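Data first, discussion second: the structure below is written as structure tokens.
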Amino acid sequence: MAQILPKALLDVIDAFGQLPGVGARTAERYAYYLLRAQDRKTNELARAIDHLKAGVAVCPITFALIDPGVDVSPLYANTDRDRQTVAIVEEPLDIVALERTGKYHGTYHVLGGVISPIDGIGPDELHIPELLERLQRDDVREVIIATNASVEGESTALFIQRQIQEAGVETQLSRLARGIPVGVDLEYADQITLSHALEGRRTL
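Following my numbering, the numbering of the sequence shown begins with 25 at its first residue and continues without gaps.
Set out below in structure tokens:
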């Protein structure tokens, strides 16, 4: 069968199709939009993508995403935030979701994923040792385990709970309340659901 579309356009469609949540039809629409867009818009997008990797760094304490040249996460450096309360999240975007609620005023610790043997991810691939060290250094009073309500999220939460207890760290452990439906990631939960989950967190 003859090639219907130019290779350059097909390459862009294929690139968009590799993004999570983007199907074939959506990828085609995105690519065709860029083809028709003004050069200024396509150039801005190309520059932003090209600068993405070099323009993002990782906080050495919280493992949140920060600007290059910044020592630590602005949320951690903010003296108005309670460093003795730490919410443990899976990914950096989960911080954005919780911040949108306006209900949380502590700091964060990004694990960098969850324990998932099927994906080859074990505890050693997560930022758990750094968490244990930080809990003692900052004299943390409460740890909110805010992993997703999934099988992997629950098993990771249980593992972290055991690690904290075995390390002899004296802190209150809590888990987000079940306002978040099973299988829904934090970044996709609405603000009301997240607010209720934060307010109804339970002690472990």
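We treat Cβ as the ideally placed atom computed from N, Cα and C, and that holds for glycine. Source: prediction; values computed, not measured.
Those residues which DSSP pairs with residue i across a bridge
i, result
"G47", "DSSP output for G47 lists no bridge partner at all."
"L89", "V82"
"I112", "H133 and I169"
"R226", "R199"
Assigned secondary structure, residue i (DSSP; H/G/I helix, E/B strand, else coil)
i, result
"T7", "This structure does not reach residue 7, given that the chain is present from 25 up to 228, and the question cannot be answered."
"R71", "helix"
"S106", "In the sequence as presented, Ser is not what sits at residue 106; that position holds Asp. Looking at D106 - three-state DSSP - the assignment turns out to be strand."
"M25", "Confidence at M25 is low in this model, with a pLDDT of 44, below 50, so its placement is unreliable and no value can be given for it."
"Q196", "strand"
"I139", "coil"
"D35", "helix"
"S219", "helix"
"Q42", "coil"
"T276", "Nothing can be reported for residue 276, as the shown portion of the chain is limited to 25 through 228."
"A181", "helix"
"A55", "helix"
"V175", "helix"
"P98", "helix"
"D118", "helix"
Closest by C-alpha distance to residue i, when choosing among the options
i, options, result
"P18", "H151, Q185, L59 and V96", "Since the first residue shown for the chain is 25 and the last is 228, residue 18 is missing from the structure and cannot be characterised."
"L222", "L228, A101, A201 and P84", "A201"
"R161", "D35, L76, T217 and T109", "T109"
"N172", "V134, Q189 and E190", "V134"
"E194", "D95, L33, Y132 and V164", "V164"
"D143", "I168, E176, R124 and L117", "E176"
"V167", "T50, R71, T227 and A51", "T227"
"R158", "P141, G146 and A191", "A191"
"I169", "G126, D118 and P141", "D118"
"A78", "N67, G93, E68 and R64", "G93"
"S140", "E114, R199, V120 and E154", "E114"
"L197", "L76, R186 and P205", "R186"
"G52", "Q62, P44 and V36", "First, the amino acid is wrong: residue 52 is Glu here, not Gly. Nearest C-alpha to E52: V36."
"E154", "I112, L218, Y212 and S174", "I112"
"R199", "L43, G224 and D214", "G224"
"I184", "D214, K65, I145 and V138", "V138"
"Q189", "L156, T217 and A81", "L156"
"G207", "S174, A213, D91 and Q42", "S174"
Handout entry: Three or more C-beta pairs below 8 Å linking the stretch 102-116 and the stretch 46-59
Key = no
Exercise for the section: Report the residue ranges of all alpha helix (DSSP H) runs contained in full by the stretch 141-166; include only those spanning at least 4 residues, in chain order. Expected result: 152-161
Exercise for the section: Tell me, please, whether the stretch 136-150 touches the stretch 180-194 by the rule of three or more beta-carbon pairs shorter than 8 Å. Expected result: yes
Problem - Cβ contact check for the stretch 116-132 and the stretch 75-93: 3 or more pairs under 8 Å - result: yes
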